[in-house]
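Residue numbers (mature numbering (1 follows the signal peptide of the UniProt record, and there is no 0)): -24 to -1, 1 to 655.
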Amino acid sequence: MKKTQLLRMVLIGLALAVYTAPLAARQPRSKIDSLRGALAGAKQDTGLVKTMYHLADTYRFFDTDSSWYFTRQGSRLAERLRWAKGIAAFHTNKGNLMSYDGRDLESISHYDSAYTIYKQLGHTRNVAASLNNIGAAYQHVSDNVRALRYTLLAIAEAEKTTDRSLISLCYNNVVSLFFAQQNYDRAIFYCRKALAIARKSEDLLQTADVLDMMGNVLVAQGHPAAGEAHYRAALGLARRTGDSFAEATVLSHYALLFERDKQRKIALLLHAQTLFESSNPKRLEAITNLGNIGGTYAAMALHDSIGGRPVQLNAATKAALLSKAAYFLTKTMAMSRLVKDPDNLAYFADNLAQVQEATGRYREALINMKLAVRLNDSIYSQENKNKLARLESLRELRLRDKQIELNKFKIRQMWLYGAIIGVLLVSGFLIIVYRFRIRQLRLTHRLRQKEAEAKERELLHRSRLSESELKAIRAQMNPHFIFNVLNSIESYVLDNDARTASRLIQKFAALSRLILENSTQSLVPAEREWKVLKLYAELESIRFDHRFGYSFRVDPEIDLAGLMLPPMLVQPLIENSIHHGLQAGNGTQIDIVLKQTDNGIRFVVEDDGVGMQASKPAALGDTVKGKSIGLSAIRERVSMLNNLYRDARASFNIGTREKGVPGTIATIDLPARYELAVH
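This is the structure:
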């Protein structure tokens, strides 16, 4: 709805439901144990992919970490099996998880990948669902131009199927877009179509969504009583399904009917917020409701209104209300920044500015007022684009709904040749101007799209680099290593060797502290990373009763204090060398060297163990399995670094030593100054 005055609590963003096209029906929580049990001993085939998908889809609603885990595992297996449908399904699940986490721009790439695969497979239903998801993601970031285009395409594809729930969902999404454009006649038209189909499909949650949307439209048209009836019906269905987010959404809309009864309104809003916090606090509906709570407290204080009539509030009561208003509005602005929602940020920055002005915080009020003005100017530009989208959509819909009338109109025009000539001349001129303008808009659109794609690629590389760094942290501080060190400490204590146990504890504590400090940064001083490697080697040496020797050497021309390096990149190589050495027997020597090269620096890790080929028969053990994961993580991080910092190339190589000489040598080449690429 359009915001016509300050502190009038309105719904800013109507989020579209994201339609999931699963391989089978969604599994309830009670099925999780049986699904996890099916994983044990399962063959690496499409059946296992389906099981992982069901687990990921079930966990998505209450444990996103577990959902992400099974999504990644299942996606890798589907790609290894080259099962296109499974790959597409997991792309959809990744998009859903990102959307629920407020990362809608990132979700679009996964929805688009799913759409491409389903299009190639000829799965019309899933093509429609993917188009709908893309439109929903664009609507979440207030890009209604693209949202409307993709949603209309989704409707065209959905109508080719017999899936009533999908068709109803697409209709309901179009309703929300027309509602945002204040085109209430079109909104109510599609509401009725969506409601009829949803009821036939017996989909309670979808029916609740449509009834809630119809309530919004009726209230906007000036029919609050009819709107309230629809809200109550939607609320009953949402509670029957047990969907907390759906119930919270309806409550947040229903509360806005009680503008004159602030106490009842605030109670409903707070109840809705409790449900939002337990389901998905990052969605626009939840953030808007949070701001509405603050705005309602502000209205109660500034307008001396609590119940159905104005009252004179004392200073203490007014101060308490303003304090609550400031708290909720400040939290709303923080959440709006987190999900990059300029509309909510602008609206509630204005609200907060008035609260701060009323409490004498004029400097902060001025800052927030300027922020609101600046964002509103940007939003005004976006609204113009949305108006253009509205005109385009109306033209397409009218051509579709009134084709017969247009044909009759063309026949009547045949009797008016003289007038047609004049009209054609004028129309030709207008078409030329129109096409010229369209070309300009398309060129601008392409440039912006390329810029957005470049930003998305950069974000993807950074995300993958962060994931790779997290894998490195896990590899360096894996439970086996920690457990073995603690066992060593315990053995020294039991042997009454307190001095050695104390020294081992101190070194282990120092290593843990350094690793945790390094894990928060993409680049760390080489001096600190060098110390981590030394501590790790020393701990492993003590743990294995000094069965191997080691040495650390750095070229004197290298300034460790002034050099920045990616953390936890070399440690897996030292671990591999230790395992190679232990397989060869006692007395193995491991040398770690940091050299200066023409293009930067080079880490060299060399051992005289059994070598890579000889160690392969042990590949069934946990140790070697972890090692191979460590090496793949190094390659992945080097690749990510090269993608992210294209002007600073890195490389990684590992192989056997010279012919006839047993052992392994690994090198990592890095540019000398990564800190320039970071900024």
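The beta carbon of each residue, even a glycine, is placed where N, CA and C say it ideally should be.
(message) Taking the alpha carbon of Val580 as the reference point, which residue from Leu541, Thr643, Met544 and Ala329 has its own alpha carbon closest?
(response) Thr643
(request) Could you name the residues that DSSP lists as bridge partners for Gln565? (result) Gly525
(request) Would you tell me roughly how many angstroms separate the C-alpha atoms of Tyr303 and Asp41, rounded to the nearest one? (result) 30 Å
(request) Measuring alpha carbon to alpha carbon, tell me which of Gly62, Gly394, Ala537 and Glu427 ends up nearest Arg30. (result) Looking at the sequence itself, residue 30 is His, so the reference to Arg does not match. With distances taken between Cα atoms, His30 lies closest to Gly62.
(message) Once DSSP output is grouped into helix, strand and coil, what is the label at Arg431?
(response) Sequence inspection shows Lys at residue 431; the Arg mentioned does not correspond to that position. Three-state DSSP puts Lys431 in a helix.
(message) Given this structure, state the Cα-to-Cα distance separating Arg339 from Leu227, to the nearest angstrom.
(response) 36 Å
(message) Three or more C-beta pairs under 8 Å: does that hold for the segment 540 to 557 against the segment 607 to 626?
(response) Touching, per the Cβ criterion.
(message) I'd like the span of the alpha helix (DSSP H) that includes Ile263, first residue to last.
(response) Leu260 to Leu278
(request) Taking only runs that begin and end inside the segment 69 to 128, name each unbroken alpha helix (DSSP H) of 4 or more residues, in chain order. (result) Runs of the alpha helix (DSSP H) inside the segment 69 to 128: 80 to 97 and 100 to 116.
(request) Flag this pair as yes or no: are the beta carbons of Asn320 and Tyr76 separated by less than 9 Å? (result) no
(request) Using alpha carbons as the reference points, say which of Gln572, Gln559, Ser254 and Glu235 lies closest to Gly585. (result) Gln559
(message) Which residue wins for smallest C-alpha separation from Ala301, given the options Arg313, Met276 and Gln288?
(response) Met276
(message) Judging by CA-CA distance, which residue of Val195, Thr137, Ala609 and Glu135 is the nearest neighbour of Ile164?
(response) Val195
(message) Beta-carbon within less than 6 Å of Leu24's beta-carbon, same chain only, minus the 5 sequence neighbours each way: which residues are those?
(response) Ala18
(message) On the DSSP bridge list, what partners appear for Phe579?
(response) Note: Phe579 sits in a beta bridge opposite Leu570 and Ile644.
(message) My output table needs one value for Gly394: the three-state DSSP class, helix, strand or coil.
(response) Taken through DSSP and simplified to helix, strand or coil, Gly394 comes out as helix.
(request) Would you identify the three-state DSSP class for Ile143, choosing helix, strand or coil? (result) If DSSP states are grouped into helix, strand and coil, Ile143 belongs with the helices.
(request) Below 6 Å CB to CB, which residues in the same chain sit around Ile380 once its five sequence neighbours on both sides are set aside? (result) Confidence in Ile380 is poor, its pLDDT being 47 and thus under 50, which makes the residue's placement too unreliable to answer from.
(request) Round the Cβ separation of Leu129 and Leu153 to the nearest angstrom and send it over; I've been treating them as touching at under 8 Å. (result) The pair is not a contact, with the Cβ atoms about 13 Å apart (cut-off 8 Å).
(message) What would DSSP say about Ile173, mapped onto helix, strand or coil?
(response) helix
(message) Would Asn265 and Gln249 qualify as a contact pair, given that the criterion is a beta-carbon distance under 9 Å?
(response) yes
(request) Would you kindly check if the distance between the Cβ of Leu57 and the Cβ of Asp21 is under 9 Å? (result) yes
(request) Measure the C-alpha to C-alpha separation of Asp39 and Leu73 and round it to an integer number of angstroms. (result) 10 Å
(message) To the nearest angstrom, how far is the alpha carbon of Asn360 from that of Asn120?
(response) Caution applies to Asn360, whose pLDDT of 49 falls short of 50 and renders its modelled position unreliable; the value that the coordinates give is listed next. Roughly 11 Å between the two C-alpha positions.
(request) Over the uninterrupted beta strand (DSSP E) stretch that includes Gly631, give me the two end residues. (result) Ser627 to Thr632
(message) I'd like the list of long-range same chain contacts for Ala231, defined as Cβ closer than 7 Å, with 5 residues on each side in sequence excluded.
(response) Lys241, Leu244, Leu245 and Ala248
(request) With DSSP as the reference, please indicate the residues paired to Met540 in a beta bridge. (result) According to the DSSP secondary-structure assignment, Met540 is paired through a beta bridge with Pro501.
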